[in-house]
Amino acid sequence: MEIHRLEKIWLAVSLVFIVALVASIVYGVAGMGVGTVGDTGQQLDPNGLDQTRFADPGGHWVDDDHYVVNVVARQFLFQPGTQEPIMVPANTTVTFYVTSPDVVHGFDVVGTHLNAMVIPGQETKLTTEFDEPKSYGIVCHEYCGAGHQSMAGQLIVVPADELPKNGSAASGNATATNATADAANASAAVAAPEVSA
């Protein structure tokens, strides 16, 4: 059986594309450290969140340069985030740990690079630093049921000295300055989340 020259060329081109695809996947996982679900997150019992860091959702200082926020995404709210805004310090490393007890959700802080799928039984970890005080919207970008369209929240970045060094973000929200409270109330009145360039 004779293989025509043009068929050999197309076969060679196809093999080059397949090798390039496999090489890019290997480079992405090994060379750039792109993780997959379960690589860095902790396995959780979705029905036993009261026995984990998510028993008391909110934020707290780990040290002077690191703030941690534990968020539970559930149908159809973020806790904290929906009923009370998440407050985080500016110019500080902020790590979000997000999980869900019910269905798959999304956690997208609009106008930032923070965007992740939240899977029941998985702990999603996101680390960032916000440069300046500002308000951001939080949306669920994974369909999670009949009330999905109303699943939104708010994240407010405040100067680091406005968040108390002891206690959680919930207590920090209560003791923040009046200017921050006024900013939160004004931002809550805005229907659409703020998008920055």
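UniProt numbering puts the first residue of the sequence shown at 1, with every later residue one more than the last. For every residue, glycine included, the Cβ atom is placed at its ideal position computed from N, Cα and C. As the structure is a prediction and not an experimental result, all values here were calculated from the model.
Going by the beta-carbon positions, is the gap between residue i and residue j smaller than 9 Å?
i	j	result
I18	V88	no
P133	V158	yes
E123	V98	yes
V103	V139	no
F107	T127	no
G58	L163	no
Nearest to residue i by alpha carbon, out of the options?
i	options	result
V72	E7, V22, G48	G48
D56	D65, P80, D63	P80
W61	T82, A90, L77, F76	A90
P101	V16, D64, P46	P46
Q43	A146, V118, L114, D63	V118
G153	Q83, E2, H113	Q83
D50	N115, F96, N70	N70
F78	A20, S150, G121, D63	S150
F76	D63, F96, P85, H105	H105
R74	F54, E162, H66	F54
G121	E7, T52, V29	T52
What number of angstroms, rounded off, separates the C-alpha of residue i from the C-alpha of residue j?
i	j	result
V68	K165	12 Å
H4	V13	15 Å
C144	A160	34 Å
V26	E142	28 Å
V22	Y136	38 Å
V16	T92	45 Å
A179	M32	Below a pLDDT of 50, predicted positions are generally treated as unreliable, and A179, at 36, falls in that range; the measurement from the model is reported next regardless. Using only the alpha carbons, I get a separation of about 42 Å.
A176	N115	In this prediction, A176 has a pLDDT of 36, which is less than 50 and means its spatial position is unreliable; what the coordinates show is noted afterwards. So the two alpha carbons sit approximately 27 Å from each other.
A20	E2	28 Å
W10	G28	27 Å
G147	D63	38 Å
A30	T112	26 Å
Give the list of continuous beta strand (DSSP E) stretches no shorter than 3 residues that lie fully inside the segment 32–105. Counting only runs of 3+ residues, the beta strand (DSSP E) found wholly inside the segment 32–105 occupies 58–63, 66–74, 77–79, 86–89, 93–99, in chain order.
Quick one: which unbroken alpha helix (DSSP H) runs of 4-plus residues sit fully inside the segment 5–32? Chain order, please. List check, alpha helix (DSSP H) in window: 5–26.
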